[in-house]
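Quick notes on the structure that follows.
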Amino acid sequence: MMLAGISPTVIVKNFNDRGILTPLAYIHSKGRHTIRKDGFEKLYWSTKTIYDIVQNETYTGAVVSLKSMVDRQTGGHHKIDRSEWVVVPGMHEPIVSKEEYDTVQKRITKRNISPSKYSIPLYCGICGKKLVRPKRGDRYCQRGKLVKNTECEGVKIKESDVAEAVLNELKKRLQDIVKEASKVLSKMDKGISSKSQIKAVESSLVAAEQAKKMLFERLVDRMIDREDFIRRKAEYDKEIEALKNELSDLKIIGESEEECEVKIREKNEEANFFMGMSKMTDEMWDRFVKKVLVFSDKRIEIVWNFDDEK
Ligand SMILES: [Zn+2]
Numbered sequence: 027m028m029l030a031g032i033s034p035t036v037i038v039k040n041f042n043d044r045g046i047l048t049p050l051a052y053i054h055s056k057g058r059h060t061i062r063k064d065g066f067e068k069l070y071w072s073t074k075t076i077y078d079i080v081q082n083e084t085y086t087g088a089v090v091s092l093k094s095m096v097d098r099q100t101g102g103h104h105k106i107d108r109s110e111w112v113v114v115p116g117m118h119e120p121i122v123s124k125e126e127y128d129t130v131q132k133r134i135t136k137r138n139i140s141p142s143k144y145s146i147p148l149y150c151g152i153c154g155k156k157l158v159r160p161k162r163g164d165r166y167c168q169r170g171k172l173v174k175n176t177e178c179e180g181v182k183i184k185e186s187d188v189a190e191a192v193l194n195e196l197k198k199r200l201q202d203i204v205k206e207a208s209k210v211l212s213k214m215d216k217g218i219s220s221k222s223q224i225k226a227v228e229s230s231l232v233a234a235e236q237a238k239k240m241l242f243e244r245l246v247d248r249m250i251d252r253e254d255f256i257r258r259k260a261e262y263d264k265e266i267e268a269l270k271n272e273l274s275d276l277k278i279i280g281e282s283e284e285e286c287e288v289k290i291r292e293k294n295e296e297a298n299f300f301m302g303m304s305k306m307t308d309e310m311w312d313r314f315v316k317k318v319l320v321f322s323d324k325r326i327e328i329v330w331n332f333d334d335e336k
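Heads up, the sequence shown is in the numbering used here, so the first residue is 27 and it goes up one at a time.
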């Protein structure tokens with residue numbers, strides 16, 4: 027529709043009128059898990075959703091992200107928490123061809139309706155000042171303009187160049203996350219987890235309790251004497267106690283393992299999603315990049331948010 031030159035507002039209205047489900051509502055309708063729990067009927071297509079979609083080359087084959095919605099009651103837009111973005115991996119054949127995608131990008135640029143006013147967090151690597159963002163041209167360090175013969179003078183760079191470099195680096199990092207996650211997950215699948223151990227300990231416990239019971243029966247039947255019984259009963263009690271302790275430890279580990287697995291799966295899914303991005307979106311800057319330091323030779327140093335997570 028964007029190709030046909032129809033405005034995003036018309037497209038969005040059309041989608042909403044025809045009751046076409048938003049990506050999140052669609053997933054929910056298929057009975058698949060989403061982080062959002064309710065209020066699916068309130069989900070609406072917004073122009074932002076459309077921009078996000080058409081500006082994302084990912085749609086030439088893979089996924090959907092939902093970053094804002096219109097509230098049916100208030101009619102206002104609201105930003106959706108990152109955790110609620112929607113990923114629909116491997117769902118479909120390409121929605122748009124590369125040619126169609128390029129045509130729409132050109133049209134958006136021509137109409138000059140790029141929705142992004144995001145200021146990339148660029149800082150001077152020498153003095154630490156945030157780089158000035160002129161309407162046109164390179165970002166630069168103001169100190170370099172105001173103070174002569176400082177290294178800051180050479181600190182200038184195109185935002186697009188930084189974005190490209192950051193995206194490349196980000197993809198490497200995401201790839202590492204995916205690699206690590208699949209390693210851990212396959213280990214879990216192989217059952218090198220506490221689940222199998224719990225089963226083993228549980229059956230040992232049943233066996234020990236059974237043996238203790240039989241010991242008492244043997245005493246009743248006078249097959250063993252009282253002294254023998256007391257000694258061996260104490261042994262069984264000790265063993266049962268130890269098994270019970272082991273079992274409760276294993277259960278605690280099992281719970282945290284499960285929690286951990288969920289987290290890893292989420293991380294993995296997220297990394298896979300962002301790896302498919304063809305450009306840095308505002309949200310990606312926000313989520314992954316703390317700041318970028320720029321040095322005089324156009325060298326940059328990226329400070330990631332990843333580093334805080336550890
Ligand atoms: Zn500077």
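Beta carbons: idealized from backbone N, C-alpha and C, even for Gly. All values reported here derive from a predicted model rather than from experimental measurement.
Review point. From residue 317 to residue 174, what distance separates their C-alpha atoms?
Key: 26 angstroms
Practice item. Using three-state DSSP, classify residue 329 as helix, strand or coil. Key: strand
Review point. In angstroms, rounded to a whole number, what distance separates the CA positions of residue 213 and residue 207?
Key: 10 angstroms
Review point. Can you find a heavy atom of ligand 1 that lies under 6 angstroms from the Cβ of residue 286?
Key: no
Check your understanding: Once you ignore the five residues that flank residue 331 on each side, which residues in its own chain have a CB closer than 6 angstroms to its CB?
Key -> 314 and 316
Check your understanding: Quick one: what does DSSP say residue 318 is sitting in, helix, strand or coil?
Key -> strand
Review point. How do the region 178-197 and the region 147-161 stand: do at least 3 beta-carbon pairs fall below 8 angstroms, yes or no?
Key: yes
Practice item. Could you please give the first and the last residue of the uninterrupted alpha helix (DSSP H) stretch that includes residue 286? Key: 252-301
Review point. For ligand 1, any of its heavy atoms closer than 6 angstroms to the Cβ of residue 328?
Key: no
Practice item. Measure from the alpha carbon of residue 225 to the alpha carbon of each residue in 195, 263, 245 and 280, then state which is nearest. Key: 280
Point to revise | Interface flag, residue 268 vs chain B, CB-CB below 7 angstroms | key: In the structure shown, chain B does not exist; there is a single protein chain.
Check your understanding: Is it right to say residue 320 is buried, meaning 16 or more other beta carbons lie within 10 angstroms of its own, or is it exposed?
Key -> buried
Check your understanding: When the Cα atoms are used, what is the spatial distance from residue 292 to residue 325?
Key -> 33 angstroms
**Study point:** residue 311 versus residue 144 - alpha carbon distance
**Key:** 9 angstroms
Point to revise | Pick from 235, 322, 277 and 287 that is closest to residue 222, judged by C-alpha positions | key: 277
Point to revise | Residues with C-beta closer than 6 angstroms to any heavy atom of ligand 1, in chain order | key: 150, 152, 153, 155, 167, 169, 170, 178 and 181
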